[in-house]
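Order-wise, the sequence lines are chains A and B. So the first sequence is residues 1 to 261, counted in this note's numbering. So the second sequence is residues 1001 to 1261, counted in this note's numbering. Notes follow once the structure below has been shown.
Number of protein chains: 2
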Amino acid sequence: METMHTSLQTRLRARSGELDGPTSGLAPGYVQTNLVVLPQALASDFLLFCQRNPKPCPLLGVSSPGSRTFELLGENLDIATDVPRYRVWEKGEMVQECQDVSHLWRDDLVSFALGCSFSFEEALTDQNIDVRHITQGRNVPMFRTNIDTQAAGPFHGKLVVSMRPFLPADAIRAIQITSRFPSVHGAPVHIGDPALIGITDLQNPDYGQSVDIKPNEIPVFWACGVTPQSVLMATRPDFCLTHAPGCMLVTDRRNSELAIF
Amino acid sequence: METMHTSLQTRLRARSGELDGPTSGLAPGYVQTNLVVLPQALASDFLLFCQRNPKPCPLLGVSSPGSRTFELLGENLDIATDVPRYRVWEKGEMVQECQDVSHLWRDDLVSFALGCSFSFEEALTDQNIDVRHITQGRNVPMFRTNIDTQAAGPFHGKLVVSMRPFLPADAIRAIQITSRFPSVHGAPVHIGDPALIGITDLQNPDYGQSVDIKPNEIPVFWACGVTPQSVLMATRPDFCLTHAPGCMLVTDRRNSELAIF
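Written out as structure tokens, the structure reads:
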């Protein structure tokens, strides 16, 4: 019998309903993505927004209208069933969470797969760099900044960043490592004083959970995939689907493939 | 008439005595190096020291004993005449500066060409990054740290670093850019709090000159080519030649060749 990739195994477990929670740590080595599904009327402006803001919105795949797959991201990949948990949004409000959105599928839906920091975090932990929120078993702390994104159509708003604290030598190494992964947020956007980008309290994140910052550590800030979601929801689209936080789409692409050198 | 490279032109100007001062800004695009010339008895330990400490001691060339050229660094290159100004050292004391060391040459001398930060600074200024000591027309500030080098034979001592202040986004970019140039000190060794590496006062460098640090700027520290010189001089070798500060050996290698990607 042919061996099935752990990525497809994970998708099939989500599809069957067996897996209905976070995907962190599942299918090691495989790229996991954020998912946004929009009516076609909004899709071209959202695509333009992603093009103009590649650091928070690194596009790994865009479906054809109505298609339930990303041709290049996986074999036997069903966008409407393979995420462990979806959120359904109407006019910017979350109306339900569910494990399958087949019954909501429409011919005008366009799906976006956006790179996720899991990919670069794997590269960091592979080198024994302490990624604090992983060590502490928490969600990464995320903050709204005072940095404007580049607007596109109705989409505009502030950049959201994730924060990871490091000792200086690890901060330098983390900048090098994440620079190799531009399709999953790439290099940090800021290092050091949080006030310079409008963050007042590192222990009070806008999303996720706070983490301990040890003596002599420097906070390092990366553009975050929550940015497109917050910008999108602010436009209160009539209908939209996303993954539930932490419940990502697992693809057949390898994290190591995303490294540009 | 064949066009002569500006690198060779510069060497010939030094050889003739016309050029007797700093080489900063001369022969743009060409690699300039630190020069250390040692009796063969010390050379193998010095070579080992460089091998063990590649960040402060990036070797671009080592001559054969007695040879006055670096085969791979330039056409018509004479180690004994082509540096604008040399220093002659005896038992660790500088005994003279001169423009030509032909009369001091010996069959047992081994020459070392070590990469210099000019190469990566050119890559920074090419991208409109403000390199403060250049903008201010000063020598880069350098500091002894509390970081031990890896000893080899009689050679041991503390790492010397150079410091350049940047706004956070430029600091990140500077880390990326200099990471591409491992043969000219490469990525920084430290960023942020100087006290963590034993530096008490950024306005009081151990070598070079202080520079202005503007609000919101972070100090970034690179391993410095003064390290091998200070370590070497501490052993008080009977005889040694070096370039005079800022008066480098100009080679035919291009800075862009040194980039690893």
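We put the beta carbon where it would ideally sit given N, CA and C, even for glycine.
If we count the other Cβ atoms within 10 Å of its Cβ and call it buried at 16 or more, is M1001(B) buried or exposed? Working through the second sequence from its first residue, we reach residue 1001(B) at position 1. Low per-residue confidence applies at M1001(B): pLDDT is 47, beneath 50, and the placement is therefore not dependable, though the value from the model is reported in the following sentence. By the 10 Å Cβ count, M1001(B) comes out exposed.
Quickly, what does DSSP pair H133(A) with across the bridge? List them, please. Translated into positions along the first sequence, residue 133(A) becomes position 133. H133(A) pairs with nothing; no bridge assigned.
Beta-carbon separation of Q1032(B) and L1249(B) under 9 Å? Reading the second sequence from its first residue, position 32 is the one you call residue 1032(B). Reading the second sequence from its first residue, position 249 is the one you call residue 1249(B). Less than 9 Å divides the Cβ of Q1032(B) from the Cβ of L1249(B).
Which residues, in order along the segment 1185-1200 of chain B, keep a beta-carbon less than 8 Å from a beta-carbon of chain A? Within the segment 1185-1200 of chain B, the residues whose Cβ lies closer than 8 Å to any Cβ of chain A are, in chain order, A1187, P1188, V1189, H1190, I1191, G1192, D1193, L1196.
What are the boundary residues of the beta strand (DSSP E) that I1199(B) is part of? Here residue 1199(B) corresponds to residue number 199 of the second sequence, with the count starting at 1. No residue range can be given for I1199(B), since it is assigned to no beta strand (DSSP E) and is classified by DSSP as neither H nor E.
For G1115(B), collect the residues of the same chain with a Cβ closer than 6 Å to its Cβ; drop the 5 residues on either side in sequence, then sort them by chain order. Working through the second sequence from its first residue, we reach residue 1115(B) at position 115. Apart from the 5 residues on each side of it in sequence, G1115(B) sits with its Cβ closer than 6 Å to the Cβ of P1058, L1060, S1183, V1184 in its chain, given in chain order.
If you draw a straight line from the alpha carbon of F1143(B) to that of D1206(B), how long is it in whole angstroms? Along the second sequence, read from residue 1 onward, the residue named residue 1143(B) stands at position 143. Along the second sequence, read from residue 1 onward, the residue named residue 1206(B) stands at position 206. Taking the straight line from one Cα to the other gives about 5 Å.
Helix, strand or coil at H1005(B) according to DSSP, with G and I counted as helix: As a first step, residue 1005(B) is located in the second sequence; it is residue number 5 there, counting from the start. Three-state result, H1005(B): coil.
Limits of the unbroken alpha helix (DSSP H) element including R1052(B): Translated into positions along the second sequence, residue 1052(B) becomes position 52. Its alpha helix (DSSP H) spans residues 1040-1052.
Any beta carbon of chain B sitting closer than 9 Å to that of N216(A)? To locate residue 216(A), count along the first sequence from 1; it is residue 216. So, interface residue.
Distance, Cα to Cα, I1213(B) vs H1103(B)? The residue given as residue 1213(B) occupies position 213 in the second sequence. The residue given as residue 1103(B) occupies position 103 in the second sequence. Distance between the alpha carbons of I1213(B) and H1103(B): 45 Å.
For T10(A), I'd like the list of residues in its chain whose CB is within less than 6 Å of its CB, leaving aside the five on either flank, ordered along the chain. Residue mapping note: residue 10(A) aligns to position 10 of the first sequence, counting from 1. Spatial neighbours of T10(A) in its own chain (CB-CB distance under 6 Å, excluding positions within 5 residues in sequence) are listed in chain order as L26, A27, V250.
Could you check the C-alpha separation between P84(A) and I1260(B) for me, to the nearest Å? Locating residue 84(A) in the first sequence gives position 84, counting from the first residue. Locating residue 1260(B) in the second sequence gives position 260, counting from the first residue. Taking the straight line joining both Cα atoms gives about 42 Å.
Within 9 Å (strictly less), CB to CB, does S179(A) reach chain B? Locating residue 179(A) in the first sequence gives position 179, counting from the first residue. Yes, its Cβ sits closer than 9 Å to a Cβ of chain B.
Presumed contact (8 Å Cβ cut-off) between G1157(B) and A1234(B), rounded CB distance: Numbered from 1 along the second sequence, position 157 holds the residue referred to as residue 1157(B). Numbered from 1 along the second sequence, position 234 holds the residue referred to as residue 1234(B). 6 Å between Cβ atoms; contact.
Using 9 Å as the threshold, is the C-beta distance between V1160(B) and S1230(B) below it? In the second sequence, the residue the question calls residue 1160(B) occupies position 160. In the second sequence, the residue the question calls residue 1230(B) occupies position 230. Yes.
How long is the line joining the alpha carbons of L1012(B) and A1169(B), rounded to whole angstroms? If you number the second sequence from 1, residue 1012(B) lands on position 12. If you number the second sequence from 1, residue 1169(B) lands on position 169. Distance between L1012(B) and A1169(B), taken at the CA atoms: about 41 Å.
Q1176(B): contacting residues in chain A (beta-carbon distance under 8 Å): Here residue 1176(B) corresponds to residue number 176 of the second sequence, with the count starting at 1. Within 8 Å Cβ-Cβ: I175, Q176, S179, A187.
Outcome for T1227(B) when other beta-carbon atoms lying within 10 angstroms are tallied against a minimum of 16: Here residue 1227(B) corresponds to residue number 227 of the second sequence, with the count starting at 1. Buried: at least 16 other Cβ atoms inside 10 Å.
For the putative contact between A174(A) and F166(A), defined by C-beta atoms under 8 Å, what is the C-beta separation to the nearest angstrom? For the purposes of this step, residue 174(A) is identified with residue 174 of the first sequence, where counting begins at 1. For the purposes of this step, residue 166(A) is identified with residue 166 of the first sequence, where counting begins at 1. The pair is a contact, with the Cβ atoms about 6 Å apart (cut-off 8 Å).
Does F1120(B) get closer than 9 Å to chain A when you measure Cβ to Cβ? Here the question's residue 1120(B) lines up with position 120 in the second sequence. No, because no Cβ of chain A sits closer than 9 Å to the Cβ of F1120(B).
Do F1171(B) and I1218(B) have their C-beta atoms within less than 9 Å of each other? The sequence position of residue 1171(B) within the second sequence is 171, counting from 1. The sequence position of residue 1218(B) within the second sequence is 218, counting from 1. Residue 1171(B) is actually Ala in this sequence, not Phe. Pairing A1171(B) with I1218(B) gives a Cβ-Cβ distance under 9 Å.
My guess is that N1255(B) and E1122(B) are in contact by the Cβ rule of under 8 Å, so how many angstroms apart are they, rounded? Position 255 of the second sequence holds residue 1255(B). Position 122 of the second sequence holds residue 1122(B). Contact check for N1255(B) and E1122(B): beta-carbon distance about 5 Å, within the 8 Å limit, so the pair qualifies.
Buried or exposed: where does A1223(B) fall if 16 or more other Cβ atoms within 10 Å of its Cβ makes it buried? Translated into positions along the second sequence, residue 1223(B) becomes position 223. Label assigned to A1223(B): buried.
Apart from the five residues just before and just after N139(A), which ones in its own chain have a Cβ nearer than 6 Å to its Cβ? Taking the first sequence and counting its residues from 1, the one referred to as residue 139(A) is at position 139. Non-local C-beta neighbours of N139(A) in its own chain, meaning closer than 6 Å and more than five positions away in sequence, comprise G208, Q209, ordered along the chain.
If you drop the 5 nearest sequence neighbours on each side, which residues of the same chain put their C-beta closer than 6 Å to that of Q1040(B)? Counting from 1 along the second sequence, the entry for residue 1040(B) is found at position 40. If the five residues before and after Q1040(B) are omitted, its C-beta is found closer than 6 Å to the C-beta atoms of P1065, D1108, V1110, all from its own chain and listed in chain order.
Proximity winner among F120(A), F112(A), D252(A), relative to M4(A) (alpha-carbon distances): By 1-based counting over the first sequence, the position of residue 4(A) is 4. Measuring C-alpha to C-alpha distances from M4(A) to each of F120(A), F112(A), D252(A) identifies D252(A) as the nearest.
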